[in-house]
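So the sequence shown is numbered by our numbering: it starts at 994 and just counts up by one.
Backbone N, C-alpha and C fix where the C-beta goes; we use that ideal spot for every residue, glycine too.
Keep in mind the model is a prediction, meaning the values are calculated, not measured.
Working notes for the structure below.
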Amino acid sequence: MSVVVRLVQESDLPLLRERQARPELGLVDVHYEAASGGTLLFAVALEDDEPLGTALLDVDPENRWVPELRNMWVYPTARRRGAGRALSSWLEQQARDRGFQAVYLAVDPNNEKAIPLYVSLDYLPTGEHLYVEDPEVPQVDESTQPAEHYAIYKKSLTAH
Ligand SMILES: CC(C)(COP(=O)(O)OP(=O)(O)OC[C@H]1O[C@@H](n2cnc3c(N)ncnc32)[C@H](O)[C@@H]1OP(=O)(O)O)[C@@H](O)C(=O)NCCC(=O)NCCS
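This is how it looks when you write it as structure tokens:
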């Protein structure tokens, strides 16, 4: 079965709460609420109806980099099955459909899993950085010290 991506529904929440990256932050509910308010899209990747992971497209016009692909979290047991690529591509299409010309993201420069993914999807570093004190999603293994400055990457949605 292939990976499918769709918006998170209320019926998904119990399972997503169990599998969130940092349960103590309760972000599944925060993000579901924000999605209802229209400031972000909250997407889930599934295979055979089994959630593999989630990601956000933040479209809040108050933010500095809009729209921003954020909080991608593929469950550790579900990795390397295409969920990260499917979530990114689906959310990019949502951005295109809304008339955005580019998508941004912030990544730990030592994130050796995500950077190859984003480079393969044509994201390029902008040279800008974002200070991150307490990451909402752990991007690097426990043996690696998280960076305090994430690199901003941008993908043009208009380039051919
Ligand atoms: C980064 C992450 C989202 C990738 O999700 P995934 O579902 O495993 O990724 P996919 O299966 O779609 O892989 C897509 C590409 O990513 C890259 N990639 C993924 N895991 C990798 C790894 N362990 N080492 C090197 N490259 C890797 C490869 O280019 C891969 O393509 P390939 O399988 O054709 O070689 C996942 O590892 C994760 O949730 N990490 C922790 C949180 C995080 O870093 N989020 C991103 C924040 S910016």
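Cβ pair residue i, residue j closer than 7 Å
| i | j | result |
| --- | --- | --- |
| Val-1067 | Leu-1049 | no |
| Leu-1080 | Ala-1036 | yes |
| Leu-1039 | Val-997 | yes |
| Asp-1053 | Arg-1063 | no |
| Ala-1014 | Val-1130 | yes |
| Asn-1103 | Thr-1137 | yes |
| Leu-1150 | Gln-1086 | no |
| Asp-1041 | Met-994 | yes |
Residue i - containing beta strand (DSSP E), residue span
| i | result |
| --- | --- |
| Arg-999 | 997-1000 |
| Gly-1046 | 1043-1051 |
| Tyr-1097 | 1095-1100 |
| Pro-1118 | 1117-1124 |
| Glu-1061 | 1061-1067 |
| Ala-1028 | Not the beta strand (DSSP E): Ala-1028 falls in the alpha helix (DSSP H), residues 1020-1030. |
| Ser-1136 | From DSSP, Ser-1136 is part of no beta strand (DSSP E); its letter is neither H nor E. |
With 16 other Cβ atoms within 10 Å as the buried cut-off, status of residue i
| i | result |
| --- | --- |
| Tyr-1143 | buried |
| Pro-1060 | buried |
| Gly-1120 | exposed |
| Thr-1047 | buried |
| Leu-1117 | exposed |
| Tyr-1025 | buried |
| Tyr-1124 | exposed |
| Met-1065 | buried |
| Leu-1084 | buried |
| Leu-1008 | exposed |
| Val-1112 | exposed |
Whole-Å CB distance - residue i paired with residue j, under 8 Å assumed
| i | j | result |
| --- | --- | --- |
| Lys-1148 | Asp-1127 | With a Cβ gap of about 26 Å, Lys-1148 and Asp-1127 do not count as contacting. |
| Val-1021 | Leu-1006 | 6 Å |
| Arg-1078 | Leu-1098 | About 14 Å; that fails the 8 Å criterion. |
| Gln-1132 | Ala-1107 | 7 Å |
For residue i, the first and last residue of its enclosing alpha helix (DSSP H)
| i | result |
| --- | --- |
| Arg-1078 | 1076-1090 |
| Leu-1110 | 1107-1113 |
| Leu-1034 | It is not in any alpha helix (DSSP H) - Leu-1034 instead sits in the beta strand (DSSP E) that spans 1033-1040. |
| Arg-1012 | 1006-1012 |
C-beta neighbour in chain B for residue i, strict 7 Å
| i | result |
| --- | --- |
| Ser-995 | In summary, chain B is missing from the structure at hand, where a single protein chain is found. |
Any non-hydrogen atom of ligand 3 closer than 6 Å to residue i Cβ
| i | result |
| --- | --- |
| Arg-1015 | Ligands displayed in this structure: ligand 1; ligand 3 is not among them. |
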